[in-house]
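First the structure, in the form of structure tokens, and then the observations on it.
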Amino acid sequence: MISVIIPVYNVEKYIERCINSVRTQTYKDLEIILVDDGSKDHSGILCDSYAKTDKRIIVIHQSNKGPSEARNAGLKIARGDYIGFIDGDDWVSSDYYEHLMQIAEREDADIVSGLYKMVSGQKKNRSRHFHEVITTLEGEKILDKFLGSAIKGGVTHVSCCSKIYRRACVKNHFFDKKISYSEDLLFNWEVLNSVKKYVCTNYAGYYYFSNRNSITKKKFSRKILELYYVADKLEQIYQFDQRKIHFLLRQYRVKADFSILIKLLRTQDKDKELAETVIENVKKGYQVLIFSPLSFSRKIVLTLVKIIPQKIFIGMFMS
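Residue numbers 233 to 551, in my numbering, belong to the letters of the sequence shown in order.
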């Protein structure tokens, strides 16, 4: 059985699409845990109505504590052999869990990680015509792959929603309730430090809903500074002596400053004092980050930060 945990908060426009995509899975042996995290709209009522028509659905109502605590509430009662996560405004293909479960059983995998498709507007169906590539990782190669992906900038391996986890591997791990930024990354890092087999597939059955109207010119949120906390925790959790992993951890720490700078450049609020600090840190860590898995486009920006004097850079890009 797979336990699917769905945090629900003010998503009445989308939650039915999400729940229906799980209820109609070709893989039927599911436990569907809906955690209403103090919704102020009709999301909680919709969850209860579905529970009356499908015995596989369990609804938890709690005061608003954030997505991490909502997922934790689901983890505490999950009974499945494997566990999956979906956000309340996303959805999955009809064969999503069947496909991932077949891989898990065939490979005896602790975690199976797929790809996702970012979409907006109406529901889209996955093309069934694709050449599947499956990669099996063990030991330090798991951490290398995961941390490299986090530094490069993609969220495929960082997200908990693109995966199913063997419950025995996550039963003692929970999402850090102190943060709301990169909590997926930190949770996965804790889990991956103790698993034996991690299997990746290019199968993309998860649909990540992006509301384009809500992502333009957002105000700068200082929550992104939680990346420093995450960087500290990554180093604390890793207890081995692989030189390459330690170097990747150093790269991630510089990437934290660089990510904050990128966020500052993309928003209307220009915190120049913070920008001066992170630019100085990025310049100091340039040699570490330029040889990292950071994407090529980001390395161009990184080089501009390095070669352009700080005052001129701020004047050019943050005025």
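Beta carbons: idealized from backbone N, C-alpha and C, even for Gly.
With fewer than 16 other beta carbons inside 10 angstroms of its own, Val365 counts as exposed.
Boundaries of the alpha helix (DSSP H) harbouring Ala305: 299-309, taken from the DSSP string.
Under the 8 Å Cβ criterion, the segment 301-318 counts as touching the segment 391-408, having at least three qualifying pairs. Assigned with DSSP and collapsed to three states, Arg288 falls in coil, not helix or strand. The beta-carbon separation of Leu496 and Ala507, rounded to 5 Å, stays under the 8 Å limit for a contact. In this structure, DSSP gives Asn434 an extended state, which the three-state scheme calls strand.
DSSP, read as helix, strand or coil, puts Val267 in strand.
Here the C-alpha atom of Ile290 lies approximately 8 Å from the C-alpha atom of Glu263. With distances taken between CA atoms, Ile469 lies nearest to Glu422 out of Asn296, Glu422, Ser326.
Annotation for Ser345: the continuous beta strand (DSSP E) segment containing it runs 343-351. Apart from the 5 residues on each side of it in sequence, Lys395 sits with its Cβ closer than 6 Å to the Cβ of Ile343, Ser345 in its chain, given in chain order. Counting C-beta atoms within 10 angstroms of its own C-beta, Ile532 has fewer than 16 neighbours from the protein chains shown and is therefore classed as exposed.
Looking at the backbone, the Cα of Ser453 and that of His331 are separated by about 38 Å. For the alpha helix (DSSP H) assignment, the uninterrupted runs of no fewer than 4 residues enclosed by the segment 469-508 are, from N- to C-terminal side, 475-498. Per DSSP, the unbroken beta strand (DSSP E) holding Ile234 starts and ends at 234-240. Glu370: member of the beta strand (DSSP E) spanning 366-370, first to last residue.
Beta-bridge partners assigned by DSSP to Leu262: Ile234. For Lys245, no beta strand (DSSP E) encloses it, and the DSSP letter there is neither H nor E.
Lys429 is bridged by DSSP to Glu370. Close CB contacts of Thr368 within its chain, under the 7 Å cut and outside five residues either way in sequence, are with Glu339, Lys429, Val431 (chain order). One alpha carbon belongs to Asp489, the other to His363, and they sit about 38 Å apart. Between Ile277 and the set Val243, Val510, Lys260, the nearest pair of CA atoms involves Val243.
If you compare the alpha carbons of Asp327, Glu505, Phe441 with that of Lys260, the shortest gap goes to Asp327.
Looking at Phe549, Tyr518, Asn420, Glu372, the one whose alpha-carbon comes closest to that of Thr535 is Tyr518. Counting every other CB atom within 10 Å of its CB across the protein chains shown gives Ile511 a total of 16 or more, marking it as buried. Remark: three or more beta-carbon pairs, one from each stretch, lie closer than 8 Å, so the segment 374-383 and the segment 473-483 are flagged as touching. Note: Gln294 is bridge-paired with Asp269 in the DSSP secondary-structure output.
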